[in-house]
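Residue numbers (UniProt numbering): 1 to 429.
Notes to accompany the following structure.
The following block contains the structure:
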């Protein structure tokens, strides 16, 4: 048998097809012509005959036990060859396209290794009447499969028991190793990126409920779509494949990210004694405004008063055309005003923020450095606050990536090193 090409190999229908030259040889003493050769034909060792002679001679009734839809090529003429040697050896060759069943075990899909058999023998003759033996199985040089690597073609000579007795049978197994490139690009890398994208919520302000919930729901729905698409080309097997386990693992991490924010939201809104700068600053501002109103009503002769922070007015006296006139002039926030030549007194200066390189700022942000955040809070201008960070978010920034990496190591090492290959290792019998 000489295999010209192989494929497609369908996991959904569990079948494969191949194009080959199927050659059979046998010896028929009745076809010897050496003893009848004339002087001019003594040097002729074999004769190629017309395929019409196939109806005149005996030939084996070979059929494929696991075939599903094989056919003979007939363009431009039936692709058959009949050659008889002078000692009675007969060579019968055909070009066939064979479609055969291939039982597959998909527990390790898409890192699986399949072994697809091709079984053929006599349809009517028993083992006592006809016996098949292998000569060889060859491949055309440079043959490449789109989805698999063809590793080996082990062969067997077996005896198969059927109702009317034992039949001689030949079996060849095609040991196939699936390519991983397509699934890495289409499934694995997008799933990992979606999981990493869900972790962005750990660095989003915990008061931004809509942003964090929206990000979590988007990643959950996208992974759900990926999970359904991965099984479109697979049979409905009753067990999860390796690809299913990976999608389930990614889906679990995305769901845990969403549940993590539920915990953060609970401790933020219900109250756990944590410090919220925005709320405290708002309370201080309201208290400060009330104090301003009280001071203005009770102490009109006070020479110095604190200006409101948001929008400040001060009284300035002047004289126009000999008449005194009082009007108000706006000044900047954070000053004090007085009924004196010195209208406003600036507040005490805030501590200057030290210059930090951009790369260190990025690292501090990723690590949630508390010292850096405290420094930013102290040096922030009036009216601006630094977002608070939950201790749950700080822990999640480390635990989620670390656990995902560990589980990935277990997954890849387990399926690439310790999974059974399922290959057949035959020998000539």
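A virtual CB, placed ideally from N, CA and C, is assigned to each residue, including glycine.
It should be emphasised that the depicted structure is a prediction, and the values quoted were computed from it without experimental measurement.
A distance of 8 Å or more separates the beta carbons of residue 7 and residue 115.
Residue 175 sits in a strand when the DSSP states are folded into three classes. In the displayed model, residue 420 falls within coil according to three-state DSSP, outside both helix and strand. Annotated as proximal: residue 15 and residue 68, with beta-carbon spacing under 8 Å. Taking a 10 Å sphere around the C-beta of residue 200, we find fewer than 16 other C-beta atoms and assign the residue as exposed.
Under the three-state reduction of DSSP output, residue 160 falls in the strand class.
Residue 77 holds the alpha-carbon nearest to the alpha-carbon of residue 52 among 77, 188 and 406. With a 10 Å radius around the Cβ and a threshold of 16 neighbouring Cβ atoms, residue 87 comes out exposed. Where residue 210 is concerned, the enclosing alpha helix (DSSP H) starts and stops at 209-229. Distance from the Cα of residue 242 is smallest, within the candidate group 154, 105 and 148, for 105.
Secondary structure note for residue 93: its beta strand (DSSP E) is the uninterrupted segment 89-101. Residue state for residue 186 is assigned as helix, using DSSP reduced to three classes. Residue range 113-122 is occupied by the beta strand (DSSP E) that includes residue 117. For residue 33, there is no enclosing beta strand (DSSP E), since its DSSP letter is neither H nor E. Residue 249 and residue 407 do touch by the CB rule: their CB atoms are close to 6 Å apart, below 8 Å.
Counted as a single uninterrupted DSSP element, the stretch harbouring residue 236 is not any beta strand (DSSP E), since DSSP gives it neither H nor E. Rounded to whole angstroms, the gap between the alpha carbons of residue 180 and residue 162 is 40 Å.
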